[in-house]
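Shown next, in structure tokens, is the structure this report addresses.
In this note's numbering, the protein residues as written are 161 to 563.
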């Protein structure tokens with residue numbers, strides 16, 4: 161595929177009256193949007209400046225899936241992110257992905273250069289995706305586009321951008337649908353998983369956007385996992401978790417029926433993830449507090465997300481240091497090698513936008529005393545909410561599966 165990129169609005173020698181009129185019109189639109197970003201219907205309502213200082217209406221990206229990211233040339237994340245963003249661009253540009261990079265100097269002064277030095281730097285990184293003029297993403301002078309993005313996809317605790325390489329995913333209708341921090345690799349879930357499923361190699365033309373999923377086509381988002389599989393082999397309509405067998409750390413088969421009558425938390429564990437410490441501590445506290453009342457926590461090491469596990473050795477260390485957990489052998493939770501138990505969990509409790517994919521480490525499935533999945537929590541969901549759910553299930557002796 162061709163990787164050549166022709167930038168819009170090149171510098172001109174002769175300026176006609178029509179171009180002057182167009183420039184004034186775009187400038188007027190920019191000024192208006194600076195005051196009226198709260199009323200924007202989509203990212204297409206915004207005008208930005210390219211790296212040459214020329215106005216660009218984001219309407220030019222209608223029909224594309226976008227990754228909008230604040231970039232910097234001297235950040236600890238720079239080399240890795242540019243390399244992976246270039247890889248994403250090369251892989252999905254022909255299938256409808258566009259990456260929009262906005263240099264920003266608000267985090268540690270790590271984008272100090274002018275437009276010329278930024279262009280020189282990105283050229284050395286083999287960047288073919290669009291780079292725009294330097295902007296502020298926080299504060300009173302934040303660009304209206306970034307104010308809009310933050311209002312639509314707030315961050316953890318506060319909406320402010322925390323660091324360089326915060327990534328917003330925008331669907332084909334111009335709606336921001338996800339936000340991911342600097343410590344989330346572009347090549348790992350959720351970004352690459354969303355893109356690979358949105359643009360299935362066998363049928364990407366039929367995907368209207370990576371988040372355009374209707375209840376009438378429940379498997380479209382997880383096409384790779386379900387539509388290319390034998391439907392008889394993967395019938396998860398009935399049953400409960402007790403129908404499944406997993407392997408313990410010694411490689412022995414364990415039937416989950418041994419946990420009948422208990423409330424379970426099922427977790428995909430990683431040993432070197434940024435969320436590991438807080439999650440292990442909070443889960444340990446829950447276990448110590450409610451284990452005698454019937455709560456059991458099942459940890460399934462998974463290396464699906466940026467190799468954050470370290471193999472079964474790390475799982476064995478977890479089992480020794482936290483005997484309150486039931487720790488099993490490493491499994492896959494996404495893709496063609498997904499363990500049947502996790503296929504069942506994801507079918508019963510899909511995530512946001514009907515996506516069955518696990519988005520990151522420490523996704524938690526809550527199972528009632530009858531073996532029925534009743535609640536799914538993401539990595540960043542409140543442990544207070546999880547505890548309230550557990551308390552209710554522990555008190556409820558009459559819950560039944562709704563198959």
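Ideal Cβ placement from N, Cα and C applies to all residues, glycine included.
Every value quoted in this text rests on a predicted model; they were computed, and no experiment measured them.
What residue range is occupied by the uninterrupted alpha helix (DSSP H) comprising residue i?
i: residue 453; result: Note, residue 453: premise wrong, no alpha helix (DSSP H); not H, not E.
i: residue 549; result: 543–555
i: residue 309; result: 304–312
In the DSSP assignment, find the beta strand (DSSP E) that holds residue i and state where it starts and stops.
i: residue 209; result: 207–209
i: residue 328; result: 327–330
i: residue 533; result: 533–537
i: residue 218; result: No beta strand (DSSP E) holds residue 218; DSSP gives it neither H nor E.
i: residue 424; result: 423–429
i: residue 339; result: 336–340
i: residue 407; result: 405–407
i: residue 227; result: 225–231
i: residue 344; result: It is not in any beta strand (DSSP E) - residue 344 carries neither H nor E in the DSSP assignment.
i: residue 414; result: 413–415
Compute the beta-carbon to beta-carbon distance between residue i and residue j, rounded to the nearest angstrom, for a pair I have assumed lies under 8 Å.
i: residue 450; j: residue 518; result: At roughly 24 Å, the Cβ-Cβ gap does not stay under 8 Å, so residue 450 and residue 518 are not in contact.
i: residue 429; j: residue 461; result: 5 Å
i: residue 528; j: residue 440; result: The Cβ separation is near 24 Å, so there is no contact.
i: residue 524; j: residue 491; result: Actually they do not touch by this definition, with Cβ atoms about 16 Å apart.
i: residue 202; j: residue 314; result: Going by Cβ atoms, the distance from residue 202 to residue 314 rounds to 18 Å, so no, they are not a contact pair.
i: residue 488; j: residue 435; result: In fact, because the Cβ distance is near 19 Å, the residues do not count as touching under 8 Å.
i: residue 409; j: residue 476; result: 6 Å
i: residue 404; j: residue 420; result: Contact doesn't hold; Cβ gap of about 12 Å is too wide.
i: residue 312; j: residue 336; result: 4 Å
i: residue 406; j: residue 485; result: At roughly 14 Å, the Cβ-Cβ gap does not stay under 8 Å, so residue 406 and residue 485 are not in contact.
i: residue 266; j: residue 293; result: Going by Cβ atoms, the distance from residue 266 to residue 293 rounds to 14 Å, so no, they are not a contact pair.
Shorter than 7 Å, the distance from the beta carbon of residue i to the closest heavy atom of the ligand ZN, or not?
i: residue 204; result: No copy of the ligand ZN occurs in the structure displayed, which carries no ligand at all.
Express the C-alpha separation of residue j and residue i in angstroms, rounding to a whole number.
i: residue 346; j: residue 231; result: 13 Å
i: residue 445; j: residue 321; result: 31 Å
i: residue 456; j: residue 463; result: 23 Å
i: residue 531; j: residue 433; result: 29 Å
i: residue 543; j: residue 552; result: 14 Å
i: residue 243; j: residue 516; result: 28 Å
i: residue 115; j: residue 233; result: The structure shown does not extend to residue 115, since the chain is modelled only from 161 through 563, so no value can be given for it.
i: residue 268; j: residue 443; result: 34 Å
i: residue 503; j: residue 493; result: 8 Å
i: residue 548; j: residue 447; result: 14 Å
i: residue 341; j: residue 417; result: 39 Å
i: residue 556; j: residue 343; result: 39 Å
i: residue 198; j: residue 399; result: 47 Å
i: residue 299; j: residue 250; result: 34 Å
i: residue 274; j: residue 437; result: 40 Å
i: residue 413; j: residue 338; result: 38 Å
i: residue 204; j: residue 453; result: 53 Å
i: residue 415; j: residue 538; result: 26 Å
i: residue 540; j: residue 512; result: 14 Å
i: residue 431; j: residue 479; result: 12 Å
Complete beta strand (DSSP E) runs within the region 477–530 (minimum length 3 residues, chain order): 485–487, 524–527
Any 3 or more C-beta pairs closer than 8 Å across the region 314–330 and the region 218–237: yes
contact_flag[the region 237–257, the region 203–216] where n(CB pairs < 8 Å) is 3 or more: no
Residue ranges of each beta strand (DSSP E) within the region 236–302, 3 or longer: 257–263
Touching by the beta-carbon criterion (3+ pairs, under 8 Å), the region 244–264 and the region 281–301: yes
Inter-stretch contact at 8 Å, needing at least 3 Cβ pairs: the region 261–272 / the region 294–313: yes
The region 212–222 touching the region 244–256, judged by at least three CB pairs closer than 8 Å: no
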